[in-house]
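Working notes, structure below.
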Amino acid sequence: MEMEKLVNKYELVVGLEVHLQLNTKSKAFCADENVFGDQINTHTSPVSLAYPGTLPTANETHIISAIKLGHALGCEIQKEISFDRKNYFYPDLPKGYQITQDRNPICVGGEVVLDEMANKTIRLHHIHLEEDAGKLQHIENSNYSLVDYNRAGTPLVEIVTEPDFRSGEEVLLFIQKLQQIARYLEISDANMEEGSLRCDCNVSVMLKGASQYGERCEIKNVNSKKFAKKAVEFEMMRQIKLIEQGEKITMQTLRFDPAKGTTSPIRSKEEAHDYRYFPDPDLIPYKVTDELIDQLRQNASILPKEAQDVLINQYGIKPYNASIICQEKNHYSYFIDLVKQEKTLAAPLANFFINKLSPLAEEQNISLPDLAIQKDQIIQLVGLIKEEKVSQNIAYKELFELVLKSDEVSVEKLAAKHGLIIVDQLDTLGPDLEKLIEKYPDKFEALAGGKKQFFGLFMGELMRASNNKANPKQIKELIDKRIKEYLS
Amino acid sequence: MRHYIKSIKPNLLSGQLLVSELVLQYLEQIEKSKDLNIYIEVFEEEIKAKAKSLDEKLAKGESIGALFGLVISIKDVICYEGHKVTAGSKILDNYTSPFSSTALQALLDQDALVIGRVNCDEFAMGSSNEHSVYGPTKNGFDSDFVPGGSSGASAVAVQMSTCAVSLGSDTGGSVRQPAAFCGVHGFKPSYGAISRYGLIAYASSFDQIGILANDKEDIEAVLNFLSVYDPKDASSVENFLQKPEEKKSAYKIAYFKEAITHEGLDPEIRSATLDQIEKWKNAGHQVDEIAFSMLENVIPAYYIMTTAESSSNLARYDGVKYGYRSPNSEDLQSMYINTRTEGFGPEVKKRIMLGSFVLSSGYYDAYFLKAQKLRGLLVQQMEVILNDYDFVAMPVSPCFPWKIGDADKDSLEVYLSDVFTVLANLCGLPAYAFPIKQSDNGFSISIQLMAKKSFDYHLFDLA
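Protein chains in written order, with the working numbering: chain A, 2 to 489; chain B, 142 to 604.
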């Protein structure tokens with residue numbers, strides 16, 4: 002309780018630096034293949050290993066990917082961009098400097114809107130191009146380390162936000178949105194576990210309503226959105242406790258330990274490097290033409306928000322369902338192909354997609370088009386439900402199973418063959434109902450008297466009697482009719 | 142043996158001379174001039190074999206390259222596949238390049254042959270060829286004297302007829318000044334004309350491969366194949382060099398008052414320069430003395446920018462991936478420190494420290510940024526002048542070669558001796574230095590011409 006009160010006095014302030022690895026064919030400044038997870042040191046060359054006499058050259062796809070992202074995030078695309086060197090020594094950095102953009106980044110401004118958070122807007126400061134470093138492997142109980150240079154030179158964009166976050170939840174949602182957008186643009190798999198999206202969190206706290214931010218600490222290389230949330234939340238508490246104890250926050254670089262859920266210092270900023278940024282003389286400034294910008298804008302991919310709007314406004318899908326379908330672009334594309342064929346089935350198709358198709362694809366770890374059911378069959382199946390030829394229950398279970406296993410293209414034929422079609426059974430249902438009334442006279446009287454809870458009994462017994470093939474609507478009508486007769 | 146286009150090539154093609162014979166003559170010259178410490182490595186067996194195969198090629202009537210039998214030497218900063226290249230430094234001890242520089246490859250493709258790699262100042266930093274881990278190279282005019290630098294051994298290699306042409310590199314005069322000190326021709330192209338891919342970097346925005354030879358015909362012949370666009374070098378320019386349509390009968394030439402009245406300029410060099418100017422005037426050219434007050438700024442601008450770039454360019458020599466690694470290190474930090482302390486010579490260390498300083502936070506604006514602005518102004522000024530004039534003429538060096546190990550010469554004085562050559566590099570202009578007079582002191586005096594960017598071939602018309 003005490004702590005909660007304390008926390009309420011303060012406000013969390015977070016800014017993010019997100020590194021996104023791009024899925025270009027080749028590396029950022031040389032022709033090495035850009036792949037993840039291959040055997041160590043198999044994607045290197047004299048250029049990426051910084052052999053004497055080698056030179057970097059810019060990769061146009063790197064620039065194009067950044068422009069696509071800039072368009073999606075509403076940034077201003079800069080017409081003349083240039084590259085700078087960030088100088089520091091580390092064995093994973095072959096040239097002894099990283100090529101980055103310090104003065105003229107590719108994108109300036111932009112924003113991400115968190116619609117789940119009452120349209121809270123996170124402003125972007127800029128997005129710049131840079132290259133990744135290699136990977137060090139420390140060998141335990143030895144006096145050496147190994148380096149894998151496959152990653153050295155992988156194209157990155159760094160997205161730098163303004164300090165606009167006020168909660169860990171916002172951080173989590175922001176990263177989620179960014180991942181979703183990067184995947185829609187097909188510029189990155191944005192997979193945090195594999196490190197293709199990494200995040201540095203700059204965290205400070207201030208008294209609520211204060212006009213000046215507190216001293217900040219930077220949590221480096223967080224590799225999961227949940228960890229990012231936890232890390233900033235832990236760091237907020239750590240800083241509040243320190244301030245409450247009358248201590249000062251000192252600027253430092255931290256790492257987050259997911260097992261313990263705590264942050265701990267890597268090194269103090271005071272002894273941090275002077276990176277000696279200066280224009281890279283090997284790379285001449287690159288002119289981004291209006292033609293390129295226009296062309297990329299015209300051919301831009303649909304974005305998650307736009308996709309949701311299409312489903313909601315053009316097909317009447319419920320917003321919640323639309324957001325689920327649009328989580329992945331290939332889900333959206335697949336679904337839109339379905340509903341385009343049969344617009345009137347949009348709502349039941351959405352249900353079937355969310356409850357059956359998508360979970361099955363995930364379970365089998367295959368993409369939707371690879372499921373053993375054709376789009377046309379999906380429409381037939383959902384159509385049979387709507388036409389009340391097959392009950393939803395049977396369609397979702399037995400019939401769906403049958404379609405997946407069978408070569409039969411016609412779903413209706415398949416349903417008929419296996420006796421799943423609802424049949425008109427008034428001939429037998431009438432006598433069956435009379436038998437039931439004889440069996441449960443009191444309960445029928447009660448039902449007729451208005452005790453609706455007994456309806457299920459009669460309904461269930463009759464369905465069972467029909468081997469679940471009867472039309473529930475017909476049964477209901479039959480029972481209602483009989484009650485009327487009884488009362489008259 | 143001295144003039145490829147004028148005599149060697151015709152003799153080879155007519156069958157009067159075999160490439161193998163030619164190569165033996167050069168090897169003999171190398172042997173004779175051994176004391177001058179020109180070559181770090183002679184590719185003797187290799188060139189003999191290549192010469193033989195070229196002779197066979199010609200005998201069989203197969204098609205041959207335009208530089209058939211051109212024997213060249215290469216400065217120890219030019220990468221040649223499968224051969225060692227060390228930039229005159231211990232830090233690249235035993236390093237073998239896995240690829241050839243684009244420029245060298247272009248010559249090899251035309252049936253030129255490499256006889257060996259020659260000494261130079263470490264990482265091309267120096268004006269005397271004294272700063273090499275292999276010791277100083279000596280001037281062929283007088284072996285007590287420096288040959289200039291940093292492509293000093295390239296100049297002596299041509300001077301002593303150990304090859305027809307040598308490829309050097311020119312960052313602030315490193316081809317032209319040694320050419321002048323050794324009485325040979327030295328040419329630095331427009332920045333972007335010759336690919337830098339495979340040239341070990343000193344200062345990227347200044348470096349160009351340059352050509353040393355005994356006449357302009359050979360330089361032109363080689364330049365034809367060197368100046369090709371290379372996508373591997375972002376500063377390489379497509380369809381760059383303009384060949385003059387026809388030779389003008391009268392050119393407009395400017396020279397700077399501040400250069401000719403420069404207090405450090407040797408009186409004999411001054412009068413030789415003025416004599417040449419008179420000759421041009423008498424030949425009907427218009428020669429004007431103009432003011433260029435910014436001349437005094439070129440040295441600081443040059444040294445700030447080149448040391449800054451080199452401090453970063455040389456960061457890759459860290460003992461991690463190739464070259465020298467100090468054996469007496471305990472951890473990463475000490476490996477870096479010991480490797481670089483033991484691997485680099487004093488001149489290189491001095492420039493790395495200077496360059497790191499001018500880029501460091503708090504000094505960047507005062508030094509690097511200011512130098513960069515100055516460079517921009519110099520580029521503009523030279524553009525204005527060269528819109529008006531075909532050429533700018535200047536002495537190459539203010540002084541004659543000095544004695545090796547001259548204790549009176551401090552490094553600042555040596556830096557200041559680059560005053561006439563760095564301008565072309567600061568502005569990316571082509572410049573050509575050629576001898577105009579033999580001095581009684583046993584040395585030669587040269588003059589240099591600069592032209593508008595991409596007007597490289599025009600320089601040979603007047604010279």
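Positions of the beta carbon are idealized from the N, C-alpha and C atoms, including for glycine. Owing to the predicted nature of the structure, the values given are computational and were not obtained by experimental measurement.
query                                                                                                                                                : result
Taking the Cβ atom as the reference point for each residue, do A/Phe-279 and B/Leu-518 lie within a distance shorter than 7 Å?                       : no
Mapping DSSP to helix, strand and coil, what is A/Lys-270?                                                                                           : Any reading at A/Lys-270 needs caution, since the residue's pLDDT is 46, under 50, leaving its predicted position unreliable; the model's value is listed next. Here A/Lys-270 sits in helix by DSSP.
Considering just the uninterrupted stretch of the beta strand (DSSP E) at A/Val-114, what are its terminal residues?                                 : 112-115
Does the Cβ of A/Glu-490 have 16 or more other Cβ atoms within 10 Å, making it buried, or fewer, making it exposed?                                  : The structure shown has nothing for residue 490 of chain A, since chain A only spans 2 to 489.
Closer than 7 Å, Cβ to any Cβ of chain B: which residues of the segment 218-231 of chain A, in chain order?                                          : none
Please identify the residue among B/Ala-334, B/Ser-155 and B/Asp-356 whose C-alpha is closest to the C-alpha of B/Phe-366.                           : B/Ala-334
Leaving out five residues before and five after B/Ser-595 in sequence, what residues of the same chain have Cβ atoms less than 6 Å from its Cβ?      : Ser-331, Phe-381, Leu-382 and Gln-383
Anyone know if the C-beta pair for B/Tyr-338 and B/Asp-374 falls short of 7 Å?                                                                       : yes
Under 8 Å Cβ-Cβ, which residues of chain A neighbour B/Ile-118?                                                                                      : Here chain B has residues from 142 to 604 only, and residue 118 of chain B is not among them.
Using the Cα positions of A/Leu-50 and B/Tyr-458, report the straight-line distance between them to the nearest angstrom.                            : 11 Å
Does any C-beta atom of chain B lie closer than 7 Å to the C-beta of A/Lys-270?                                                                      : Low per-residue confidence applies at A/Lys-270: pLDDT is 46, beneath 50, and the placement is therefore not dependable enough to give any value.
Among the candidates B/Lys-490, B/Glu-483, B/Asp-581 and B/Ser-585, whose CA atom is the shortest distance from the CA of B/Ser-453?                 : B/Lys-490
Which one or two residues does DSSP pair with B/Tyr-396 in a beta bridge?                                                                            : B/Glu-430 and B/Ala-534
Could one say the Cβ of B/Leu-495 lies closer than 7 Å to chain A's Cβ atoms, at least one of them?                                                  : no
Verify the CB distance criterion: does A/Arg-86 have a CB-CB separation below 7 Å to chain B?                                                        : yes
In whole angstroms, what is the alpha-carbon distance linking A/Phe-354 and A/His-419?                                                               : 24 Å
Among the candidates A/Leu-255, A/Ser-143 and A/Asn-9, whose CA atom is the shortest distance from the CA of A/Arg-496?                              : This structure cannot speak to residue 496 of chain A, because chain A is shown only from 2 to 489.
Assuming A/Thr-101 is part of the beta strand (DSSP E), what are its boundary residues?                                                              : 98-101
Out of A/Leu-382, A/Ser-368, A/Ser-212 and A/Asn-331, which one is the CA nearest neighbour of A/Asn-352?                                            : A/Leu-382
Chain B beta carbons: is any one of them nearer than 7 Å to that of A/Ile-140?                                                                       : no
From the DSSP output, in three-state form, read off A/Met-207 for me.                                                                                : strand
So is A/Thr-429 buried or exposed if we call it buried at 16+ other beta carbons inside 10 Å?                                                        : exposed
Suppose contacts are defined by Cβ-Cβ distances below 7 Å. Is A/Ser-46 in contact with A/Leu-186 by that definition?                                 : no
What's the C-alpha gap between B/Glu-117 and B/Val-369?                                                                                              : A query on residue 117 of chain B cannot be resolved here, the shown segment of chain B reaching from 142 to 604 and no further.
At the level of alpha carbons, what is the spacing between A/Val-172 and A/Lys-306?                                                                  : 19 Å
Closest to B/Phe-485 by C-alpha separation, out of B/Ser-302, B/Gly-324 and B/Gly-229, would be which residue?                                       : B/Gly-229
Do you know offhand how far B/Leu-603's Cα is from B/Val-212's?                                                                                      : 27 Å
Given a threshold of 16 other Cβ atoms within 10 Å of its Cβ, counted over all protein chains shown, does A/Glu-271 qualify as buried or as exposed? : The predicted position of A/Glu-271 is uncertain, since its pLDDT is 46 and thus under 50; no value can be drawn from it.
According to DSSP, what are the bridge partners of B/Asn-152?                                                                                        : B/Asn-152 is not bridged to any residue.
For the segment 515-535 of chain B against the segment 559-572 of chain B, are there 3 or more C-beta pairs whose distance is under 8 Å?             : yes
Who are the Cβ neighbours of B/Ala-400 in its own chain at under 7 Å, not counting the five residues just before and after it?                       : Leu-436, Met-535, Pro-536 and Phe-561
Report yes if the C-beta distance between A/Leu-23 and A/Ile-188 is below 7 Å; otherwise report no.                                                  : yes
Where do the ends of the beta strand (DSSP E) carrying A/Pro-156 lie?                                                                                : 156-162
If you compare alpha carbons, which of B/Arg-317, B/Lys-422, B/Ala-342 and B/Gly-327 is closest to B/Ser-390?                                        : B/Lys-422
Where does A/Leu-255 sit, in a helix, a strand or coil, going by DSSP?                                                                               : strand
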